[in-house]
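In the numbering used here, the protein residues as written are 1 to 146.
Below is the structure:
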């Protein structure tokens, strides 16, 4: 499940700098972790990763960094089953999630472009500017079905 988001980190850094942001040590590590690991990571996942790499941010610092990266459009926050998960924003690699209601495992699932087509139609019909959408499928994974 460690496919990574394949987003160019240098492009991300350039976008942050262009928007007036700085590339702090914590920000750099958050982006590295989200880019290299599977794309849905919780705050606790990130805290454990940062501590493992000798960075000891408090929860409020991590919260501020995640908020800044979310506001700048670098990352996306998804709330699944009451937990906030983060992933690198990548318009060219959109996916959705399969969530097991028994073991809470989450899998990415690729979907065809029909949702993008529907999104354009909704925008056209309603004049609503859609920035992002989230779609999760809830059920039982293969292991929990037995």
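All C-beta atoms in this analysis are idealised placements derived from N, C-alpha and C, irrespective of residue type, glycine included.
What's the gap between the Cα of residue i and the Cα of residue j?
i, j, result
"residue 30", "residue 88", "10 angstroms"
"residue 49", "residue 33", "8 angstroms"
"residue 8", "residue 37", "14 angstroms"
"residue 64", "residue 71", "10 angstroms"
"residue 16", "residue 115", "29 angstroms"
"residue 107", "residue 85", "13 angstroms"
If I follow the unbroken alpha helix (DSSP H) through residue i, where does it start and stop?
i, result
"residue 102", "Unbroken run through residue 102: none, as it is neither H nor E."
"residue 150", "A query on residue 150 cannot be resolved here, the shown segment of the chain reaching from 1 to 146 and no further."
Since I believe residue j is in contact with residue i (beta carbons under 8 angstroms), could you give me their beta-carbon distance rounded to a whole number of angstroms?
i, j, result
"residue 137", "residue 99", "7 angstroms"
Thinking C-alpha only, which one of the options is nearest residue i?
i, options, result
"residue 25", "131, 18 and 62", "62"
"residue 77", "109, 116 and 134", "134"
"residue 42", "105, 101 and 95", "105"
"residue 19", "58, 28, 69 and 55", "69"
"residue 79", "124, 142 and 40", "40"
"residue 59", "53, 52 and 46", "46"
"residue 130", "27, 75, 96 and 118", "118"
"residue 101", "82, 122 and 23", "82"
"residue 110", "124, 120, 123 and 95", "95"
"residue 140", "122, 103 and 120", "103"
"residue 132", "74, 145 and 146", "74"
Tell me where the beta strand (DSSP E) around residue i begins and ends.
i, result
"residue 106", "106 to 110"
"residue 88", "83 to 88"
"residue 137", "136 to 139"
So with Cβ pairs under 8 angstroms, would you call residue i a contact of chain D?
i, result
"residue 104", "Of the chains in the structure shown, none is chain D; there is only one protein chain."
Uninterrupted alpha helix (DSSP H) stretches inside the segment 17 to 76 (no shorter than 4 residues): 25 to 36, 43 to 52 and 59 to 71
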